[in-house]
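Here's the structure, in structure tokens; my notes come after.
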Amino acid sequence: MAVSQNDIRNIALIGHSGEGKTSLAEAILYNAGAIDRLGRTDDGNSTMDFDPEEIARKISISLSIANCTYKGKKINIIDVPGYFDFESEMLEALTVADAAIIVTGASGSMTVGTEKALEYCGDNKIPCMIFINGIDKENANFNTTVAAIKAKFPKVNSVIAPNMDGAKMIGYANAVTGSYVDFAAKEVSSEIPANLKGEYDEVRAQVVEMAAEGDDELMMKFFEGEELTAEEVYGGFGTALLNGAAIPVIAGSATANKGIAGLLEMIVSILPGPDKRPTIDADGKAIPADPNAQVVLRVFKTIADPFVGRLSIFKVVSGTLKSGMTLKNENSDTEEKISTVYFMKGKKQETADCAVAGDIAALAKLSATSTGDVLCESGDVKLPPVELPRPVYSRAVYAAKKGDEDKVFGGLSKLKDEDIAFTVTKDAETGEMILSGLGETQLDVLCKKLKGKFNCEAVLTDPRIAYRETIRKMAEAEGKHKKQSGGAGQYGHCKVRFEPGAADGVFEFVDAVVGGTVPRQFIPSVEKGLRQAIQKGVLAGYPMVNLKATLFDGSSHPVDSKDIAFQMAAILAYKDGCVKAGPVLLEPIYELRIVVPDNYLGDIMGDMNKRRGRIMGTEMVKGKQVVTAEAPLSEISKYATDLRSMTQGRGKFEMNFVRYEEVPAANVAKIVEEAKKLQADD
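Letter by letter, the sequence shown follows residues 92 to 773 in my numbering.
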């Protein structure tokens, strides 16, 4: 039976890596009766982490979906990786989630992942709550953890009165749901223990006040001293949470299965459903989750299933999807025939008759649909694309075994279906294939998947830097090509002036021959030879740029002069003239836009100076320092890893090519030596 959109909860579990999001998803599914045993990530048998790489690494690397039902509400859980290399998975999940649960440990401090998750939810108006996990661990401290988070995010508030047995929490009274959560019991109780009554009443008063603040009628009732009903508190506090005015905090332990019933109560009671979170289209208009409207689907994830094939996971933005429908793909301008509708439970698919507005489901074997696409009946709905972080970590990728190139790059193309956050491009300057992503771990995972899924091995190396060469002064040179080997000979002779300053910045040829010393029919041959020659500079074999070449004299032979002879003569003149014209190496310079918390500013600026970088300016934007700098590409090829290390993952950056600059003299010899070594290998 299809569930009403009012009874759906789409919840993303987000936060720092290793804080127990996958374990929490497992505990929710178990307590709701969706699975009959409690799996463990350490044992490799959890519902959500089923990819071989996830099992081997004991971390999530892709978002996964599972559903359960609790007290008549369908809960779609989106388990999101916390590792920074897989940030795009979180962004995809939050385009369809109606609320987020930020999972953090009870360490007494705020993790970077918690900080970034709260910032993202705040900036994008995503309702969220915090679940402090591992409350049963030694040295766990709920209160100091809440205090550390609240110091930076004042809207964060504990809504529970903890019941302590010494330093250990054994349960809590929840002031939102008005219930007691005993960590030893599977169900919540309506009886508040006497020893918690005082603290509970204080927290309850704060919750009731927050519930009343968002509604004029409730506020009037509150000021008149009337009691708010449980439904009014749920509704009012839920509105405060929906508007970002409240971020409640509760606690428990996923692996020990403690406090999960209390979390489920919060999910079904106060977290918003799709009926309260309409999708906003590209024009800024709201699309309500109306089951009777036209069908609109948003595909937010693609999975390559070994048995079913490609699975496209989507949210039903509006309408009711049924098998047999034909929908138009707004992005590829094609039509897709809908076959079986599936609901996901980790790697398992459950067949369904239909999926209503607000629900999350999957379709198999859509021929022309990719992650991010929109399917609809009328073909006139446009949704804004997911703003994914740009790849900032690049490596040259080669096949480990000669002849496997097609398998490697074909495999990467197929993996692109599952992970849209990496790119494979050919560097036009160096000819290398460049694999780019958000970090070293992401690229390593891709290589492991190539081996596991496509039986081919890739090798990653530092990309070659696309240096260039130019000259600094004017020089004249002549080239004479003379060949006599019996029969027709070859003769070409030209004098060329070389100087910097090509009109187009690359190469300019000027014909200044007078008196016909070089016959008119051979002047294009000289230009052709020079254009061929500039592909390799005289220092290290990199392309020559900004070169103006003026042909001013030469000679010819009435029989032996021909096109190829003047081409060869031009090449000889080029090699001689450019050596005399003060050749120099040029290196690519990139502009970086680095965003870091204020307390890391000094470290970033000092580090950039060590990289031969220049700080162009700083400004404060939304409480963060934005540093604009310029640096040579050779010094920042691994900046993604270094910045993460310097800022504990809090920093991010983007970079763009701006120009070429002369390489300092002290660095030239090493670059020339490496270039000659590469040429010898090739």
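Glycine included, each C-beta is placed from N, C-alpha and C at the ideal position. In this text, all values refer to a predicted model and were calculated from it rather than measured experimentally.
For a cut-off of 8 Å, the C-beta gap from residue 246 to residue 338 is around 5 Å, short enough to register as a contact. Assignment of residue 669 by DSSP, reduced to helix, strand and coil, places it in the helix class. In this chain, the alpha helix (DSSP H) harbouring residue 211 covers 203 to 214.
Across the structure, residue 198 and residue 748 are spaced so that their CA atoms are roughly 42 Å apart.
Secondary structure within the region 399 to 456: the beta strand (DSSP E) runs of 3 or more consecutive residues, fully enclosed, are 400 to 409, 411 to 413, 417 to 420, 425 to 428, 432 to 436, 439 to 443, 445 to 447 and 451 to 455 (chain order).
Judged by DSSP secondary structure, residue 561 falls outside any alpha helix (DSSP H) and instead within the beta strand (DSSP E) spanning 559 to 562. As the crow flies, the alpha-carbon of residue 369 is around 25 Å from that of residue 426. The region 631 to 648 makes contact with the region 589 to 599; the number of CB pairs closer than 8 Å reaches 3 or more. Secondary structure at residue 270: strand, using DSSP grouped into helix, strand and coil. Classified as exposed, residue 383 has fewer than 16 neighbouring CB atoms from the shown chains inside 10 Å of its CB. In the DSSP assignment, no residue is bridged to residue 471. Ranked by how close their Cα comes to the Cα of residue 418, the residues 608, 308, 363 and 468 have 468 in first place. Straight-line measurement puts the Cα of residue 342 at about 9 Å from the Cα of residue 196. Here the alpha carbons of residue 581 and residue 729 stand approximately 52 Å from one another. Counting along the chain, residue 641 sits inside the beta strand (DSSP E) bounded by residues 638 to 646. Distances from the CA of residue 666 to each of 558, 158 and 621 were compared; the closest alpha carbon is that of 621.
Boundaries around residue 623 are those of the alpha helix (DSSP H), 614 to 624, since no beta strand (DSSP E) includes it.
Rounded to the nearest whole angstrom, the CA to CA distance from residue 145 to residue 712 is 37 Å.
Residues 301, 302, 304, 305 and 337 of the same chain have their beta carbon placed closer than 8 Å to that of residue 331, with the five preceding and five following residues left out of the count.
Around the beta carbon of residue 471, a 10 Å sphere encloses fewer than 16 other beta carbons of the protein chains shown; the residue is thus reported as exposed.
Listed in chain order, the non-local C-beta contacts of residue 656 below 7 Å within the same chain comprise 572, 581, 582 and 583, local neighbours out to five positions each way being set aside.
Taking 8 Å as the cut-off, the beta carbon of residue 683 is found closer than this to the beta carbon of residue 744. Pairing residue 167 with residue 100, the inter-Cα distance amounts to about 6 Å. Each of 182, 138, 172 and 142 was checked against the Cα of residue 211, and the nearest Cα belongs to 182. Under the DSSP definition of a beta bridge, residue 164 partners with 161.
In the structure shown, residue 691 adopts helical secondary structure according to DSSP, grouped into three states. In the structure shown, the three-state DSSP call for residue 737 is helix.
In summary, residue 320 is exposed, with fewer than 16 beta-carbon neighbours lying within 10 Å of its beta-carbon over all protein chains present.
A residue is called buried when at least 16 other Cβ atoms come within 10 angstroms of its Cβ; residue 392 meets this threshold and is buried. Around the CB of residue 374, fewer than 16 other CB atoms lie within 10 Å, so the residue is classed as exposed. With the rule of 3 Cβ pairs closer than 8 Å, the region 156 to 170 counts as touching the region 113 to 128. Shown here for residue 545: same chain residues with a beta carbon closer than 7 Å to its own, the five before and five after excluded, namely 498 and 502 in chain order. In this structure, DSSP gives residue 516 an extended state, which the three-state scheme calls strand. In this structure residue 96 is in contact with residue 365, their Cβ atoms being roughly 5 Å apart against a cut-off of 8 Å.
In the DSSP assignment, the residues bridged to residue 682 are 721 and 747. Counting C-beta pairs closer than 8 Å gives three or more between the region 397 to 413 and the region 446 to 458, which meets the contact rule.
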